[in-house]
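Below you'll find the structure, written out as structure tokens, and then a few comments.
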Amino acid sequence: MFKSYFKIAFRNLLRQKLFTGLNVFGLAIGMTCSLLIFLWVQDELSFDRFNKDAGNIYRLTAHVANVDAATVPPAMANAIKTEIPGVKNATRIAPFHRIVTVGTTKFDEKNIYFADNNFLQIFSYPLLSGNVNTVLTAPDAVVLTAAAAIRYFGATDGAIGKTIYIDNDIKGTTLTVTGVLKDIPANSHLQFDMLLPMQLYDKINNPDGAWTNFDVYTYFQLADHFAATPEALRKIARQAEDIRKRNDKAPVPVSFFVQPLTDIHLYSHYMLDVPGQGNKDYVMIFSLVAVFILLIACINFMNLSTALSSQRAKEVGLRKTLGAERFQLILQFMGESLLIAGVSLIIAIVLAALLLPLFNDLSAKSISINLLNIKVVALLLAIAILVGAVSGSYPAFFLSSFKPVTVLKGAAVLHGKKSVLRNGLVIVQFAIAVILMICTLVVYNQLQFIKDKNIGFDKENLLYVKMPEIGDLHDHKEALTTMLDQYSGISSYTITDNLPTYITNGMELRTPAMSPTDYLMGYRLRTDENFLKTFNMQLLTGRFFSKDVKGDDTTYVVNETALKAMHINLSNAVGQKIIFNDGEGTIIGVVKDFNFKPVQQPVEPLVMKKNFGGGYMVMRTTPGNLQAVITSVRKVFENVYGDYPFSYGFVDEDLQKLYLAEQRMGKLFNIFSVLSIIISCLGLFGLATFTTQRRVKEIGVRKVMGASEAGIVAMLTKEFIRLVVFALVIAFPVAWWAMNKWLDNFFYRINIGWWVFAIAGCVALLIAFLTVSYQSVKAAMANPIRSLRTE
Numbered sequence: 123m124f125k126s127y128f129k130i131a132f133r134n135l136l137r138q139k140l141f142t143g144l145n146v147f148g149l150a151i152g153m154t155c156s157l158l159i160f161l162w163v164q165d166e167l168s169f170d171r172f173n174k175d176a177g178n179i180y181r182l183t184a185h186v187a188n189v190d191a192a193t194v195p196p197a198m199a200n201a202i203k204t205e206i207p208g209v210k211n212a213t214r215i216a217p218f219h220r221i222v223t224v225g226t227t228k229f230d231e232k233n234i235y236f237a238d239n240n241f242l243q244i245f246s247y248p249l250l251s252g253n254v255n256t257v258l259t260a261p262d263a264v265v266l267t268a269a270a271a272i273r274y275f276g277a278t279d280g281a282i283g284k285t286i287y288i289d290n291d292i293k294g295t296t297l298t299v300t301g302v303l304k305d306i307p308a309n310s311h312l313q314f315d316m317l318l319p320m321q322l323y324d325k326i327n328n329p330d331g332a333w334t335n336f337d338v339y340t341y342f343q344l345a346d347h348f349a350a351t352p353e354a355l356r357k358i359a360r361q362a363e364d365i366r367k368r369n370d371k372a373p374v375p376v377s378f379f380v381q382p383l384t385d386i387h388l389y390s391h392y393m394l395d396v397p398g399q400g401n402k403d404y405v406m407i408f409s410l411v412a413v414f415i416l417l418i419a420c421i422n423f424m425n426l427s428t429a430l431s432s433q434r435a436k437e438v439g440l441r442k443t444l445g446a447e448r449f450q451l452i453l454q455f456m457g458e459s460l461l462i463a464g465v466s467l468i469i470a471i472v473l474a475a476l477l478l479p480l481f482n483d484l485s486a487k488s489i490s491i492n493l494l495n496i497k498v499v500a501l502l503l504a505i506a507i508l509v510g511a512v513s514g515s516y517p518a519f520f521l522s523s524f525k526p527v528t529v530l531k532g533a534a535v536l537h538g539k540k541s542v543l544r545n546g547l548v549i550v551q552f553a554i555a556v557i558l559m560i561c562t563l564v565v566y567n568q569l570q571f572i573k574d575k576n577i578g579f580d581k582e583n584l585l586y587v588k589m590p591e592i593g594d595l596h597d598h599k600e601a602l603t604t605m606l607d608q609y610s611g612i613s614s615y616t617i618t619d620n621l622p623t624y625i626t627n628g629m630e631l632r633t634p635a636m637s638p639t640d641y642l643m644g645y646r647l648r649t650d651e652n653f654l655k656t657f658n659m660q661l662l663t664g665r666f667f668s669k670d671v672k673g674d675d676t677t678y679v680v681n682e683t684a685l686k687a688m689h690i691n692l693s694n695a696v697g698q699k700i701i702f703n704d705g706e707g708t709i710i711g712v713v714k715d716f717n718f719k720p721v722q723q724p725v726e727p728l729v730m731k732k733n734f735g736g737g738y739m740v741m742r743t744t745p746g747n748l749q750a751v752i753t754s755v756r757k758v759f760e761n762v763y764g765d766y767p768f769s770y771g772f773v774d775e776d777l778q779k780l781y782l783a784e785q786r787m788g789k790l791f792n793i794f795s796v797l798s799i800i801i802s803c804l805g806l807f808g809l810a811t812f813t814t815q816r817r818v819k820e821i822g823v824r825k826v827m828g829a830s831e832a833g834i835v836a837m838l839t840k841e842f843i844r845l846v847v848f849a850l851v852i853a854f855p856v857a858w859w860a861m862n863k864w865l866d867n868f869f870y871r872i873n874i875g876w877w878v879f880a881i882a883g884c885v886a887l888l889i890a891f892l893t894v895s896y897q898s899v900k901a902a903m904a905n906p907i908r909s910l911r912t913e
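Residue numbers for the sequence shown follow this note's numbering, beginning at 123 and rising by one.
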């Protein structure tokens with residue numbers, strides 16, 4: 123029986139080659155898009171789940187004064203492990219950035235973490251060589267990833283026992299490789315190239331800050347028997363607060379929170395968090411996009427199948443007369459749908475595999491389609507069955523409902539209710555496509571707004587170079603500046619401990635008039651007297667740091683936001699005292715606010731202090747031959763610092779990197795909105811083709827009676843244009859609401875202009891008109907004699 127159904131289904135599909143092709147092509151495109159998006163969503167949701175005990179691992183975070191922080195005091199890990207029941211283990215990590223020397227070669231390493239010796243016992247980062255229980259116990263140990271070992275020594279084999287030299291204090295330290303890890307999975311929120319023992323961190327940091335400095339990430343592992351209910355986790359957080367209060371008498375208000383390991387990637391937007399976090403909103407948005415595109419493709423199939431039902435009415439009537447049951451007809455028609463879905467899926471898999479490198483490049487992923495993975499196979503089968511069932515269910519039930527007597531007499535089978543439903547599906551289809559189009563326009567304009575926004579300083583032509591911070595190399599800073607003063611390609615330069623695009627150092631501050639419990643958290647930037655000139659920033663009152671003024675080591679310049687947060691008026695700001703958790707100083711000036719964080723977030727309080735160390739040299743270059751400037755700066759740098767790595771970048775490019783997620787979202791939206799329009803037009807083209815074929819004799823009669831070709835085209839197209847207009851009426855308010863919700867994530871945002879809807883509406887109407895008019899013009903220009911010959 124099923125073999126017979128398959129043969130009949132195959133013959134019917136071949137009989138209607140055009141419509142079968144439209145269905146297969148539309149479903150294949152829809153499945154390809156949805157498959158790629160689902161793989162991306164699956165990857166985003168998989169972060170950190172490779173850890174064997176992922177469900178029992180949590181991170182402790184803090185709310186300090188007015189900010190949320192992903193870091194906590196260094197002493198907290200051991201305290202919660204020993205004092206809180208149910209906490210099985212706890213570990214700490216802290217980021218580090220230093221120059222690593224291997225032999226005579228130097229490497230600028232940015233992905234280093236200090237880690238406790240139990241770190242690899244809690245997290246599942248497998249070792250290729252070394253003992254998981256001892257690799258981080260020695261104070262001079264270092265654990266490398268496979269990629270780092272190959273970069274340093276050419277291979278992972280034989281790396282154990284070799285040494286590297288790392289700058290971590292005035293003298294530096296020689297470290298011995300004790301372990302080599304497999305490369306860190308891409309779906310880990312922690313990305314690093316090497317691990318250093320936490321004893322080394324404790325050695326180079328102030329031990330007095332064990333309870334006052336919030337500078338380490340702390341993870342803990344719950345016992346297997348522990349019931350991690352929301353209330354139980356809140357209790358752990360409260361116990362952590364009690365522990366801190368007993369050990370730190372500072373009046374700064376602090377609250378702790380417990381965050382599941384598997385939530386960190388998508389739900390973390392803390393101060394001082396690890397880089398590269400995802401966004402749960404984008405996961406939801408693209409999940410909806412995948413569903414919408416599949417829905418558009420399914421609607422195509424349903425519309426074309428029901429529209430073609432008149433051509434199969436007598437087949438149904440004859441089968442029922444010969445004894446076929448309705449459920450048998452339903453099985454037959456569902457079989458046809460599943461066959462089309464299966465063929466479309468095969469094409470979609472091939473297309474997805476071909477497009478995957480491009481998709482990975484756009485989304486910054488390394489996704490693959492593994493057909494041997496049971497989860498991937500299950501996903502593919504689920505898509506095919508779902509699409510086949512959704513697409514074929516209504517046509518199957520509709521076709522199988524025909525009455526044999528009625529259809530064999532030649533009565534019409536496409537009643538008004540069916541046309542209303544089909545028209546409704548076209549409206550839904552185009553409404554979804556228009557919504558995606560509007561979203562694309564809004565995302566593009568918001569990104570352009572971010573790109574062009576005045577952020578408080580001139581970001582163009584700013585070249586920066588990473589400078590040595592320690593040892594004898596640091597003492598050559600004066601020699602470097604002397605040589606740069608003689609170069610005409612640089613108009614000014616400044617030395618800061620951090621770039622304005624990456625200020626991470628925090629500090630607690632208040633005024634004498636504020637209560638000791640009213641400390642607020644601000645950011646700290648150490649810089650020199652040339653900072654304002656180099657960045658073209660505005661000084662609102664007072665003065666900036668100066669070489670000619672002694673005593674600037676206890677003076678501070680603040681931004682407007684810090685002034686407002688401390689309830690100080692601009693007119694009397696100069697001379698005001700600021701109290702910090704470790705001292706006090708005097709305000710000598712106030713600068714106009716500038717954005718040093720993404721524009722999704724408001725400007726935070728900032729305190730600037732005189733820089734007596736290194737960090738970054740930022741140079742304002744004269745417009746022109748930038749490559750020549752870089753070459754000259756490199757030569758100056760090498761003359762002063764020898765083989766110290768020359769690492770440079772551009773401030774404007776760093777600013778753009780802050781919005782990579784939004785840029786990727788915009789590009790993907792562009793692609794998927796275009797494809798949704800294409801899929802919608804395939805369905806519209808098919809319906810227009812069927813409509814003109816069904817009305818070919820009517821068109822012939824009208825032409826014989828004197829109707830013009832333009833009038834016939836207008837008659838055939840106005841029905842479909844009216845449907846698109848209805849779609850616009852639905853799409854506009856939905857898109858306006860959805861995009862305003864997205865824009866609410868930005869502290870600085872655009873207002874959605876009327877022209878966005880006008881452009882989307884005109885484009886949709888134009889595309890629909892061109893799609894339908896092709897068939898309409900073809901029908902209108904046909905010779906009426908041919909269509910009436912059989913009458």
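C-beta: ideal position from N, C-alpha, C; glycine also.
If we call anything under 7 Å between Cβ atoms a contact, is residue i one with residue j?
{"i": "residue 578", "j": "residue 483", "result": "no"}
{"i": "residue 401", "j": "residue 783", "result": "yes"}
{"i": "residue 419", "j": "residue 152", "result": "yes"}
{"i": "residue 772", "j": "residue 759", "result": "no"}
{"i": "residue 423", "j": "residue 145", "result": "yes"}
{"i": "residue 795", "j": "residue 558", "result": "yes"}
{"i": "residue 613", "j": "residue 756", "result": "no"}
{"i": "residue 711", "j": "residue 661", "result": "yes"}
{"i": "residue 770", "j": "residue 374", "result": "no"}
{"i": "residue 303", "j": "residue 236", "result": "no"}
{"i": "residue 238", "j": "residue 267", "result": "no"}
{"i": "residue 194", "j": "residue 336", "result": "yes"}
{"i": "residue 589", "j": "residue 730", "result": "no"}
What's the gap between the Cα of residue i and the Cα of residue j?
{"i": "residue 355", "j": "residue 380", "result": "6 Å"}
{"i": "residue 184", "j": "residue 617", "result": "32 Å"}
{"i": "residue 708", "j": "residue 327", "result": "27 Å"}
{"i": "residue 897", "j": "residue 141", "result": "14 Å"}
{"i": "residue 199", "j": "residue 218", "result": "19 Å"}
{"i": "residue 139", "j": "residue 804", "result": "14 Å"}
{"i": "residue 212", "j": "residue 502", "result": "40 Å"}
{"i": "residue 322", "j": "residue 262", "result": "8 Å"}
{"i": "residue 161", "j": "residue 210", "result": "35 Å"}
{"i": "residue 888", "j": "residue 802", "result": "13 Å"}
{"i": "residue 837", "j": "residue 552", "result": "21 Å"}
{"i": "residue 343", "j": "residue 386", "result": "15 Å"}
{"i": "residue 721", "j": "residue 629", "result": "22 Å"}
{"i": "residue 626", "j": "residue 285", "result": "31 Å"}
Evaluate residue i with the Cβ neighbour count: other Cβ atoms within 10 Å of its Cβ, from every protein chain shown; 16 or more gives buried, anything less gives exposed.
{"i": "residue 351", "result": "exposed"}
{"i": "residue 296", "result": "exposed"}
{"i": "residue 822", "result": "buried"}
{"i": "residue 155", "result": "buried"}
{"i": "residue 292", "result": "With a pLDDT of only 48 at residue 292, under the threshold of 50, the placement of this residue in the model should not be trusted, and no figure is reported."}
{"i": "residue 570", "result": "exposed"}
{"i": "residue 339", "result": "buried"}
{"i": "residue 713", "result": "buried"}
{"i": "residue 624", "result": "exposed"}
Quick one: what's got a C-beta closer than 8 Å to residue i's C-beta in the same chain, skipping five residues either side?
{"i": "residue 733", "result": "617, 618, 619, 648, 649, 650"}
Who are the Cβ neighbours of residue i in its own chain at under 7 Å, not counting the five residues just before and after it?
{"i": "residue 895", "result": "835, 839"}
{"i": "residue 706", "result": "699, 700"}
{"i": "residue 582", "result": "774"}
{"i": "residue 313", "result": "233, 306, 398"}
{"i": "residue 850", "result": "556, 883, 886"}
{"i": "residue 702", "result": "629, 630, 631"}
If you drop the 5 nearest sequence neighbours on each side, which residues of the same chain put their C-beta closer than 6 Å to that of residue i?
{"i": "residue 409", "result": "163"}
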